[in-house]
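Residue numbers (the numbering used here), protein chains in the order written: chain A, 1 to 374; chain B, 1001 to 1374. First the structure, in the form of structure tokens, and then the observations on it.
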């Protein structure tokens, strides 16, 4: 396969089983990408990431720009070598974090001036700067620089923002000159179907190797996102990967694959793992609960990950209550394995023409269970 | 070999190369034991412990008694199964922590009443209770319950404490009824050669499979410890393992092996690793230092551990400054590998009749370098 090629191998309704070729090898979709914000997926080695089935690691442009800085990473041979990950890397544009983490933002047509959340130092990111950072990092999949709108926003704000995001996309494309990288455009448009379609038309008018849906997970009701993805997902170009940014729960993933989405990323499985919340095929578990105190069984009897194979719930509870690093590690391994396994089974189901069956199985499991949970 | 057998394979001056048989297999000495206070060697999996060359893991009776409790551990199949470590485990008696960590102690002939540093709850440990806890944990090497004296202490205080420790040793021996476990006695006696000899006579008058030197690392000048170990080490029974508790730096280990010591444990390599201090064959390193910012070389060019094989100093510095768990992990792997490797080389050197050469090589490296360090 050629760099950037996206081959749809099988379809069932809107769900797709496909392969995307990157400079660091093929990615089998649908896929969940592990978030490695600061050049490390928290608590995990690259070998462990491979073991749980990770194909793509996501790096955060905003964080890496502030520390250690993309120039340093470039000098050290790029992000792959720096963090010892030889699989594909996707970097975000920095836009989302500039708008959510930084202080004292100053927006203009040119870009965004902001102060670092680390030390208050002034920084400026424009589409050109974002491309430069991501190219210096040596990213395989580079995201266009977009404005991430607050929620809720007025129709006027949304329109203005989409138009700016479009102009920034054109500048991103002009500035992204690295042959080994693929540039993905980001569809914005808030939480209205009509504005989403408007942004989709704008963004897909630019020929790119992939397109993403951004601007979700900003505090909106989750049903609204599902509704929009269900409508907009299938409208996205058939022959290009579709990436739903920053999403989500196992339920979100299954519903979105059903709407034709191919790629996902989310901090949730790793973040909640460190807080003792674990995804299992029987629902979510809070490992600190007293009921697991003397529970000698595995976290998830239906799971074959390293954690479930070797440790008891009682031990995981003890590690969590004792604040032990190994607790964060074992929990993260399990949650990532769960997500990767969820997607692997989805790929197999689509290949074998039983996607709907698998989807419904997952829905029964996750909807029932999620409602019970705190 | 039979359980508890200690076979000295080779000697060079006072340094010994030997094998101790435990219920979970043989231990090759001299050896450094990794401290796994709360049923986990901080930041490490059992597989990683094996990879760096760990033979014995040490569990802390005080901590495990308070949380999760030895009865729970026993119910879960014992400490080995609970923490998934199938090699030998040594447990301390709880004495050291009762005297250093707990509050409101109330000492009597019977034992020590104290309040937990976790929740202030009242607990009582006696020789019998300590044995019961360690037997419940399923420890391979059980330490007698001793009084750990404060430093400095008067000759009267030392005498009184040694006599109490001796009476507690007799009670420990009577209470330690688990056939699979080996009971080690602890020589106390403060920092006077004469009182150490007095305690040594007392303790070795009880026939046991091993003897330890306790009561060091309590704030005394390190030269004083070296002097006493040099004198007392070779006086300990020839045909039994000699364990120097809670010690120490690489230099301490080499000097003590030279004084006939076989076994060591210390939190130092794991604790300082998490604070970014790393032992290398070129001396100690503080990874946060600015000089490593753009250093693409390995932590220790003379080391073949996982960390040194795969990561740069620049990356380790970045992980440390970012507070990333992977930083603690990679640093711990390296430091433990360094300690285990130091002891492995010592075993090889003694076997091959070049102990003095190896010792002097180490001294040149560590004495020179240690003086430079902060």
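By construction, the Cβ of each residue, glycine as well, lies at the ideal position given by its N, Cα and C atoms.
Nearest-angstrom beta carbon gap, residue j and residue i [assumed within contact, 8 Å]
i	j	result
residue 1347 of chain B	residue 1030 of chain B	6 Å
residue 242 of chain A	residue 262 of chain A	5 Å
residue 111 of chain A	residue 125 of chain A	6 Å
residue 335 of chain A	residue 279 of chain A	6 Å
residue 79 of chain A	residue 39 of chain A	6 Å
residue 1312 of chain B	residue 1323 of chain B	That belief does not hold up - the Cβ atoms of residue 1312 of chain B and residue 1323 of chain B are roughly 19 Å apart, past 8 Å.
residue 1268 of chain B	residue 1249 of chain B	7 Å
Reduced DSSP secondary structure (H/G/I, E/B, other) of residue i
i	result
residue 1235 of chain B	helix
residue 109 of chain A	coil
residue 1102 of chain B	coil
residue 1279 of chain B	strand
residue 47 of chain A	helix
residue 1117 of chain B	coil
residue 26 of chain A	strand
residue 1286 of chain B	strand
residue 1176 of chain B	coil
residue 1191 of chain B	coil
residue 91 of chain A	strand
residue 1054 of chain B	coil
residue 375 of chain A	One cannot answer for residue 375 of chain A here, as it falls past the ends of chain A, which runs 1 to 374.
residue 142 of chain A	strand
residue 1203 of chain B	helix
residue 1166 of chain B	helix
residue 1037 of chain B	coil
residue 1019 of chain B	strand
residue 355 of chain A	helix
residue 1261 of chain B	coil
residue 1182 of chain B	strand
residue 218 of chain A	coil
residue 1067 of chain B	coil
residue 1371 of chain B	Confidence in residue 1371 of chain B is poor, its pLDDT being 47 and thus under 50, which makes the residue's placement too unreliable to answer from.
residue 1227 of chain B	helix
residue 1153 of chain B	coil
residue 324 of chain A	coil
residue 1042 of chain B	coil
residue 128 of chain A	helix
residue 360 of chain A	helix
Buried or exposed by the 16-neighbour rule on C-beta atoms within 10 Å, applied to residue i
i	result
residue 1190 of chain B	buried
residue 367 of chain A	exposed
residue 1270 of chain B	buried
residue 136 of chain A	buried
residue 1068 of chain B	buried
residue 314 of chain A	buried
residue 171 of chain A	buried
residue 1188 of chain B	buried
residue 1358 of chain B	buried
residue 177 of chain A	exposed
residue 1345 of chain B	exposed
residue 1037 of chain B	buried
residue 1002 of chain B	exposed
residue 12 of chain A	buried
residue 223 of chain A	exposed
residue 121 of chain A	exposed
residue 207 of chain A	exposed
residue 1352 of chain B	exposed
residue 1179 of chain B	exposed
residue 1374 of chain B	The predicted model places residue 1374 of chain B with a pLDDT of 36, which falls under 50 and marks its position as unreliable, so this point remains unresolved.
residue 17 of chain A	buried
How do the region 1229-1241 of chain B and the region 1291-1299 of chain B stand: do at least 3 beta-carbon pairs fall below 8 Å, yes or no?
-> Touching, no, given that fewer than three Cβ pairs across the two stretches are closer than 8 Å.
Closer than 7 Å, Cβ to any Cβ of chain A: which residues of the region 1124-1145 of chain B, in chain order?
-> Within the region 1124-1145 of chain B, no residue places its CB atom closer than 7 Å to a CB of chain A.
Residues of the region 1260-1294 of chain B with Cβ closer than 9 Å to any Cβ of chain A, in chain order | Those would be 1274, 1293, 1294, in chain order.
Would you be able to state if there are at least three C-beta pairs under 8 Å between the region 74-92 of chain A and the region 194-201 of chain A?
-> Below 8 Å, too few C-beta pairs join the region 194-201 of chain A and the region 74-92 of chain A to call them touching: fewer than three.
At least 3 beta-carbon pairs within less than 8 Å: the region 87-96 of chain A vs the region 49-61 of chain A | Using a C-beta cut-off of 8 Å, the region 87-96 of chain A makes contact with the region 49-61 of chain A, since at least three inter-stretch Cβ pairs fall below that distance.
Between the region 82-101 of chain A and chain B, which residues of the former have a C-beta closer than 9 Å to a C-beta of the latter?
-> Under the 9 Å Cβ criterion, the region 82-101 of chain A contributes 82, 83, 84.
Taking one C-beta from the region 1115-1131 of chain B and one from the region 1043-1051 of chain B each time, how about it: are there three or more such pairs within less than 8 Å?
-> Between the region 1115-1131 of chain B and the region 1043-1051 of chain B there are fewer than three inter-stretch CB-CB distances shorter than 8 Å, so the stretches are not counted as touching.
Does the region 1094-1110 of chain B come within contact of the region 1139-1155 of chain B, defined as at least 3 CB pairs closer than 8 Å?
-> Taking 8 Å as the limit for Cβ pairs, the verdict is that the region 1139-1155 of chain B does touch the region 1094-1110 of chain B.
Near-chain A residues of the region 1335-1348 of chain B (beta-carbon distance less than 7 Å), N- to C-terminal order | Those would be none; no residue qualifies.
Given a limit of 7 Å on CB to CB distance, which residues of the region 29-42 of chain A reach chain B?
-> Cβ contacts with chain B come from 38, 39, 40, 42.
Interface residues of the region 142-174 of chain A facing chain B [CB-CB below 9 Å] = So nothing in the stretch comes that close.
Please name the residues in the region 1062-1076 of chain B whose beta-carbon is closer than 7 Å to at least one beta-carbon of chain A, in chain order.
-> Legend: CB atoms of the region 1062-1076 of chain B lying less than 7 Å from CB atoms of chain A belong to residues 1067, 1068, 1072, 1075, 1076.
Report the residues of the region 299-319 of chain A with a CB closer than 7 Å to any CB of chain B, ordered along the chain.
-> Residues 310, 311, 312, 314, 315, 318, 319.
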